[in-house]
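Read the structure below first, then the notes.
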């Protein structure tokens, strides 16, 4: 199975900037226990203007999915849990109010020993061990400092077919298999 890192597109312009959401609570590296104590729904605000774009994937204040993308993730992982952020425009006369979801995406310890890191612990080159994966469609790479969300080819194709916005995909490298003991 092919996999891709799901990345917030660095080329997007004027994404919605959600305000009044506690960034000490809504964190990409939150544990399952920390995630579970967060309310099921909270409210955020944004300054709307004609230039603001509402994308399906956001990276700030935390990894967030539009309602449309959340439903797709739930199709591929029915057990995935989500916490909602209903976002309203600061201007009371503006009726724009997108709904975003913070997913708890499970970690999988799947780093290959071929992964290289900088002395700071940040990734230099991400290489995964295919044998640690068992058909998962959506997961986060465990045992790293960064928040790396990985999706299967099926999920990636579904996102593209549905014309989702705000993301880019980077193919995942896998460790090369060696035939140990064969000469």
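In our numbering, the protein residues as written are 2 to 184.
In this text, a Cβ means the ideal position worked out from N, Cα and C, and glycines have one as well.
Computed from a prediction, not measured in an experiment: that's the story for all the values here.
If the five residues before and after residue 148 are omitted, its C-beta is found closer than 7 Å to the C-beta atoms of 29, 30, 64, 141, all from its own chain and listed in chain order.
Ranked by Cα distance from residue 56, the first of 164, 81, 171 is 164. Close CB contacts of residue 44 within its chain, under the 6 Å cut and outside five residues either way in sequence, are with 87 (chain order). Linking residue 167 to residue 15 through their CA atoms gives a straight-line distance of about 11 Å.
When only Cα atoms are considered, residue 138 and residue 154 end up about 8 Å apart. Nearest to residue 95 by alpha-carbon distance, out of 156, 101, 46, is 46.
With fewer than 16 other Cβ atoms inside 10 Å of its own Cβ, residue 38 counts as exposed.
Sequence-distant partners of residue 113 (beyond 5 residues in either direction) whose C-beta falls short of 8 Å from its own C-beta, in its chain, are 128, 129, 130, 175, 176. Residue 161 counts as exposed, since fewer than 16 other beta carbons sit within 10 angstroms of its beta carbon. Separation of the CB atoms of residue 102 and residue 146 is rounded to 24 Å, and the pair is thereby denied contact status at 8 Å. Listed in chain order, the non-local C-beta contacts of residue 133 below 7 Å within the same chain comprise 109, 110, 111, local neighbours out to five positions each way being set aside. Boundaries of the alpha helix (DSSP H) harbouring residue 34: 33-37, taken from the DSSP string. For the options 144, 106, 135, the alpha carbon positioned closest to that of residue 118 is the one of 144.
Residue 33 and residue 85 do not touch by the CB rule: their CB atoms are close to 18 Å apart, not below 8 Å. Bridge partners of residue 6 according to DSSP: 151, 171.
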